[in-house]
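**Q** Take a look at the following structure, please.
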Amino acid sequence: MNHSLTLDTRLHDRIPHLPGHRLDWMNQFRQERLAAFTTTDPGGKQDKQWHLSAAAAADATDPPHLDPAWLERYRLPDVFSLVWVDGVFCPHYCVREGLPAGVCLKSLDELSDAELTELRPDLTQPGLQEADALMNWNLAWLQSGAFLRIPERVHLEKPVQLLCITTAPVGLVSLRHVIRLGRNSRATLIHTQTGQAGASGTTGETTAIWLEQAAVLAHYSLQTQPATARHFARLDVATDTGACFHQHHLALGAARALTDIQIRAADQVSCELNGLFYADGNRQTAIYTRVQQAGSQGITRETYRGIATDKAHGVFEGLLQLQPGVRKITATLQNRNLLLSPQAQIDSRPQLEINAEDVQCSHGVTVGQLDEDAVFFLVSRGLSEAEARTLLSFAFANEIIGKIPLTACRDQARQAFLAALPQADIHQDWL
Amino acid sequence: MLSINDIHVQVDDKPILNGITLTVNPGEVHAIMGPNGSGKSTLSNVLAGRPGYQVTAGSIRYQGQDLLTMKPEERARAGLFLAFQYPVEIPGVSNIYLLKAALNALRKSRGQTEVDAMDFLALVKSKIKTVNLDESFLYRGINEGFSGGEKKRNEILQMAILEPLLCILDETDSGLDIDALKQVADGVNALRTPERSFILVTHYQRLLDYVQPDQVHVLAGGRIVRTGGPELALELEAKGYGWIEHLPRETGP
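For the record, the sequence lines run as chains A and B. Just so you know, we're using the numbering used here here: the first sequence kicks off at 85 and counts up by one. Just so you know, we're using the numbering used here here: the second sequence kicks off at 35 and counts up by one.
Structure (structure tokens):
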């Protein structure tokens, strides 16, 4: 079977249902990305399995169905929100009343052809790094996504939540979100990626964020897809002088999950990345970060933790690049990992590429097991050994979760982590 | 309450305790003193059930039960409490969570219901005053960033909340300045009852200035070489441990 011809035909048949299908540049762009996908040799972060699973994922045909009560479990209180179910934008579930003047919060499906054309550079530029195979796939099949634009000097008081939910037993979801914050603006963006039990499709989401001068974005990303699903996410952040990007990322679900974070930091940029993954069963989870310090007088702090149990496999790879000539940079990269079973595996690869002087950089990595002295301490207080081990695993994760400043988001993240832990006899109301 | 009968203990095949016999009755305070390496902490850890200690001979009975067959958590639930020489730090779980989890584990084992949230808070707030810790310590990670003295007072707070029958303090006085030492001693004295017993493991006599023991035992080379009243501690303070090392073994009380 000619694989690429099949995909060409599939895309051709699909295009009339995708945004911008009347735009020649868009259709051509899709074909180019598909061609790039089929000719890209999968390797590195994305192995052949990712490639095959993306190509094999059928387009969902059934209209999505979602119990609204289930949705409300994930929607945070007092937020503006956009909702996608199985990649289909659901305007009836969205909350947008009261958006300040000038703020645009729309789905790509809602944009006119003229608006899409205006957005063309944001939609088509891959970001810091060339588009890799999965990103090409995402761009070729781009079916929807968010467009958020905040004008300069506007402080958006309420957070914006993007809820991407999968329900279908099979199917492909391909979303691209474009976020642009004007000078001196502020916003909080929550990205919730979850699915109902049994959802077994492949979701690919790419997000492009532009932070103009002194813009401040707090970004929370919580991925709790069921253990039958696959989830790929790529985030590209470009910053201007004095911008601030603080992110908290929790990857707790999916049979295979891959998060790729690429950030380009200009002068005086503050970049803080906190993250956690938890992998059990046979699940595989990977987080890649690349922060390129292109400007001086900036601060970058990365703190990631990983937990793997059963036969799960976790990967953390963090790359901090300081370009020649930059000065007065403080950068730290910390990665601690916990192995809860002899068969579990975690690979940690922190890398510093320092081509500059007058900078302070450090990194530290640990991969270990639970502290047996701490286990004994807890059992000597009357807890069973199983309770003690669960509590210590929770404590390890909670140090990252506890950094989330937004209370509702922190509580939801904590609840999601506890739901993922086996025998979670932790009393959340005591915490 | 506690009857230790000629126990021999090894760690990594190395003999540490070479026949300890000791009886602790309800309400009594026993001080175990001795030079470094004499086996004091080993005795504490064996009583609390820390893994890695092989009891090769002898027996220990606690409240009529064979202590050595009980898991550490079963010992805790039966009222045995070890205040650690080096309390561990557990960031990510608050102190008050631990207190509540521990108290409820004990209550559950006794067939009691979980403690009422308001009653628990009132209990903790009253007890924390007795160890002179600020209430903010309740909401910090377990021992996270605590000073040495604060960690030890936190151990006494746990003891005060859990109200054990037998309290073992493993060098709780080490590393404390005089004010912290007095606060720890005050906490211990506040817990003394005719039913509750204490084993104070200590290198120095100074804790015993503030907590009056009924008996003082001197450990050397993994055995009790001398037993006496509070005056024995003063004698040790005056003479040091050098003279005691070569004393013949006592059979114990």
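Glycine residues also receive a C-beta, built at the ideal position from the N, C-alpha and C atoms.
#1: For the stretch 118-130 of chain B against the stretch 163-183 of chain B, are there 3 or more C-beta pairs whose distance is under 8 Å?
#2: Answer yes or no: do A:T323 and A:A283 have a C-beta to C-beta separation smaller than 8 Å?
#3: What would DSSP say about A:F361, mapped onto helix, strand or coil?
#4: Is the beta carbon of A:F164 less than 8 Å from the beta carbon of A:K242?
#5: Determine the extent of the beta strand (DSSP E) in which B:M67 is found, giving its start and end residues.
#6: Tell me whether the beta-carbon of B:A117 lies closer than 8 Å to the beta-carbon of B:M35.
#7: Thinking just about the alpha-carbon of each residue, which of A:N268, A:H315, A:T373, A:T308 is nearest to the one in A:R433?
#8: What does B:L116 touch in chain A if you count any residue whose Cβ is under 7 Å from its own?
#9: Between the stretch 62-75 of chain B and the stretch 237-255 of chain B, can you find at least three pairs of beta-carbon atoms closer than 8 Å?
#10: For a cutoff of 8 Å on Cβ pairs, would you count A:D170 as touching chain B?
#11: Give the DSSP bridge partners of A:R318, in chain order.
#12: My parser needs the beta strand (DSSP E) runs of 3 or more residues fully inside the stretch 95-173 of chain B; what are they?
#13: With a threshold of 8 Å between beta carbons, is A:F461 in contact with chain B?
#14: Return the CA-CA distance between A:R473 and A:H511, expressed in angstroms with no decimal places.
#15: Output needed in chain order: residues of the stretch 468-482 of chain A with a Cβ under 9 Å from some Cβ in chain B.
#16: May I ask you to report which of helix, strand or coil DSSP gives B:S72?
#17: Within its chain, find whatever has a CB closer than 6 Å to the CB of A:L518; leave out the 5 residues flanking it on each side and keep chain order.
#18: Within 10 Å of its beta-carbon, does A:R180 have 16 or more other beta-carbons around it, so buried, or fewer, so exposed?
#19: Look at the Cβ atom of B:V45, then the Cβ atom of B:T76, and state whether they are nearer than 8 Å.
#20: For B:P49 and chain A, any beta-carbon pair shorter than 8 Å?
#21: With a threshold of 8 Å between beta-carbons, can A:A497 be considered close to chain B, or not?
#22: In the DSSP assignment, the alpha helix (DSSP H) including B:E197 goes from what residue to what residue?
#23: Could you pull the start and end residues of the alpha helix (DSSP H) that A:F121 belongs to?
#24: Going by DSSP, what residue range makes up the alpha helix (DSSP H) through A:D495?
#25: Of all the CB atoms in chain C, is at least one closer than 8 Å to the CB of B:Q119?
#26: In terms of residues, what are the limits of the beta strand (DSSP E) holding B:F232?
#27: Which residues, taken in chain order from the stretch 95-108 of chain B, show a beta carbon closer than 8 Å to some beta carbon of chain A?
#28: When you compare the CB positions of A:A492 and A:P161, do they come within less than 8 Å of one another, or not?
#29: What residues from chain B crowd round A:G486, counting only those whose CB sits closer than 8 Å?
#30: Along the chain, where does the beta strand (DSSP E) containing A:K395 start, and where does it finish?
#31: Since A:R264 is in the beta strand (DSSP E), which residue starts that stretch and which ends it?
#32: To the nearest angstrom, how far is it from the Cα of A:N86 to the Cα of A:Q213?
#33: Quick one: what does DSSP say B:G92 is sitting in, helix, strand or coil?
#34: Take B:H237 as the anchor and find which of B:N166, B:G98, B:S208, B:V158 has the nearest alpha-carbon.
#35: So, at 8 Å on beta carbons, what are the nonlocal neighbours of B:T285 in its own chain, with the 5 sequence-adjacent residues on each side left out?
#36: In the DSSP assignment, the beta strand (DSSP E) including A:L160 goes from what residue to what residue?
**A** Taking the definition as stated:
#1: Cβ pair count under 8 Å is three or more, so yes.
#2: It is not a contact, given that the beta carbons lie outside the stated cut-off.
#3: In the structure shown, A:F361 sits in a strand (DSSP, three-state: E or B).
#4: Yes. Within cutoff.
#5: 63-67 is the extent of the beta strand (DSSP E) around B:M67.
#6: No; because the gap between Cβ atoms is not below 8 Å, this pair is not in contact.
#7: A check of alpha carbon separations from A:R433 across A:N268, A:H315, A:T373, A:T308 identifies A:T373 as the nearest.
#8: Around B:L116, the beta-carbon contacts reaching into chain A at under 7 Å are S464.
#9: The answer is yes - the stretch 62-75 of chain B touches the stretch 237-255 of chain B, with three or more Cβ pairs under 8 Å.
#10: No, because no Cβ of chain B sits closer than 8 Å to the Cβ of A:D170.
#11: Bridge partners of A:R318: A:T290, A:D344.
#12: Fully enclosed beta strand (DSSP E) runs of 3 or longer: 114-117, 124-128.
#13: At a cut-off of 8 Å between beta-carbon atoms, A:F461 makes contact with chain B.
#14: Taking the straight line joining both Cα atoms gives about 15 Å.
#15: So the close ones are S468, E469, E471, A472, L475, L476, F478, A479, F480, A481, N482.
#16: B:S72 falls in the coil class under three-state DSSP.
#17: Absent from the structure is residue 518 of chain A, since the part of chain A shown begins at 85 and ends at 515.
#18: Under a 10 Å Cβ-count criterion, A:R180 is classified as exposed, with fewer than 16 other Cβ atoms of the shown protein chains found around its own Cβ.
#19: A contact, by the Cβ cut-off of 8 Å.
#20: Chain A contact via Cβ: absent.
#21: At a cut-off of 8 Å between C-beta atoms, A:A497 does not count as an interface residue with respect to chain B.
#22: Membership of B:E197 in any alpha helix (DSSP H) is not indicated, and neither H nor E is assigned to it by DSSP.
#23: Looking at the DSSP string, the run of the alpha helix (DSSP H) that includes A:F121 is 108-123.
#24: Unbroken alpha helix (DSSP H) run through A:D495: 491-504.
#25: Of the chains in the structure shown, none is chain C; the protein chains are A and B.
#26: Secondary structure note for B:F232: its beta strand (DSSP E) is the uninterrupted segment 231-236.
#27: Against chain A - using a Cβ distance shorter than 8 Å - the residues of the stretch 95-108 of chain B are K105, P106, E107.
#28: Contact: yes.
#29: What A:G486 touches in chain B: G126.
#30: Run containing A:K395: none; DSSP gives neither H nor E here.
#31: It spans 256-265 - the beta strand (DSSP E) in which A:R264 sits, taken as one unbroken run.
#32: The predicted position of A:N86 is uncertain, since its pLDDT is 47 and thus under 50; a value taken from the coordinates is nonetheless stated next. A:N86 and A:Q213 have their C-alpha atoms roughly 30 Å apart.
#33: In this structure, DSSP gives B:G92 an extended state, which the three-state scheme calls strand.
#34: Closest option to B:H237, Cα to Cα, is B:S208.
#35: Only weak support exists for where B:T285 lies, its pLDDT of 48 falling under 50; the value from the coordinates is given anyway. Non-local C-beta neighbours of B:T285 in its own chain, meaning closer than 8 Å and more than five positions away in sequence, comprise T55, ordered along the chain.
#36: Here A:L160 belongs to no beta strand (DSSP E), and DSSP marks it neither H nor E.
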